[in-house]
Amino acid sequence: MTEDWRTADELDVERMIRQSTREIWDEKLVGKIYDYYADDVVVHGAGGDIVGSEALVEDTLERLNAFPETEMNIEKIIWEGNPEDGYYTSMVRTITAENTGPTEYGPPTGKTMEDNLGIANCLIQKVDGEWKYVEEWIAYDKLGYIKSVTPDDDPIHDY
Numbered sequence: 285m286t287e288d289w290r291t292a293d294e295l296d297v298e299r300m301i302r303q304s305t306r307e308i309w310d311e312k313l314v315g316k317i318y319d320y321y322a323d324d325v326v327v328h329g330a331g332g333d334i335v336g337s338e339a340l341v342e343d344t345l346e347r348l349n350a351f352p353e354t355e356m357n358i359e360k361i362i363w364e365g366n367p368e369d370g371y372y373t374s375m376v377r378t379i380t381a382e383n384t385g386p387t388e389y390g391p392p393t394g395k396t397m398e399d400n401l402g403i404a405n406c407l408i409q410k411v412d413g414e415w416k417y418v419e420e421w422i423a424y425d426k427l428g429y430i431k432s433v434t435p436d437d438d439p440i441h442d443y
């Protein structure tokens, strides 16, 4: 019997990142956030902090509602760490998606956000015997996102 990578002594970091990203974003299995993220995770982003896995699920559902056909491409993964202290990771990704659902900026525009570059830096540690994301820092092309969810005559497009 092979050991489950989620409880293994040493983490297969790249596997966790690729699998969690694929399942949550590509396969739309948003409930997997509960499997991969600590209950008290803190995600730091351009719009402020998201605290807790429940809030992260809600935020992810809102994003997928606005962009249901999100295509996330992982460009590069690097990491450093060890089983005792955890692993600091960095994933560079691009997202291409069409805005077909409402956002905090208004109704859907039908516009496509192409190759929106972003980076997710994470700390992964063991929580109750399983590897989990415990903290995440996200940066992405927020202006590109806003332009894709606002009408072309919005003043933001002057930038």
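Sequence positions in the sequence shown follow the numbering used here and run 285 to 443.
Beta carbons: idealized from backbone N, C-alpha and C, even for Gly.
Inset, instruction - Starting from the C-beta of residue 393, find all residues in its chain whose C-beta is less than 8 Å away, skip the five residues before and the five after it, and write them out in chain order. - result: Spatial neighbours of residue 393 in its own chain (CB-CB distance under 8 Å, excluding positions within 5 residues in sequence) are listed in chain order as 383, 432, 433, 434 and 435.
Inset, instruction - Counting only the same chain and skipping the five closest in sequence on each side, list residues whose C-beta sits under 6 Å from that of residue 335. - result: A distance below 6 Å between beta-carbons, with the five flanking residues on each side excluded, links residue 335 to the following residues of its chain, in chain order: 326.
Legend entry - Neighbour-count burial assignment, residue 420, 16 or more Cβ in a 10 Å radius: Around the C-beta of residue 420, 16 or more other C-beta atoms lie within 10 Å, and the residue is accordingly described as buried.
Inset, instruction - Could you check which residue in 291, 320, 398 and 350 has the C-alpha nearest to that of residue 385? - result: Of the candidates 291, 320, 398 and 350, the one whose C-alpha sits nearest the C-alpha of residue 385 is 350.
Legend entry - Neighbourhood of residue 309 by C-beta, 7 Å cutoff - its chain only, sequence neighbours within 5 removed: Excluding positions up to five away in sequence, the list reads 354 and 356.
Inset, instruction - State buried or exposed for residue 381, treating a residue as buried only when at least 16 other CB atoms are found within 10 Å of its CB. - result: It is buried - the Cβ of residue 381 has at least 16 other Cβ atoms within 10 Å.
Inset, instruction - Please classify residue 407: is it buried, with 16 or more other beta-carbons within 10 angstroms of its beta-carbon, or exposed? - result: Burial call: buried.
Inset, instruction - Ignore the nearest five residues each way along the sequence and tell me which others in residue 409's own chain have a CB closer than 6 Å to its CB. - result: Cβ contact annotation for residue 409 (same chain, cutoff 6 Å, sequence separation greater than five): 370 and 418, in chain order.
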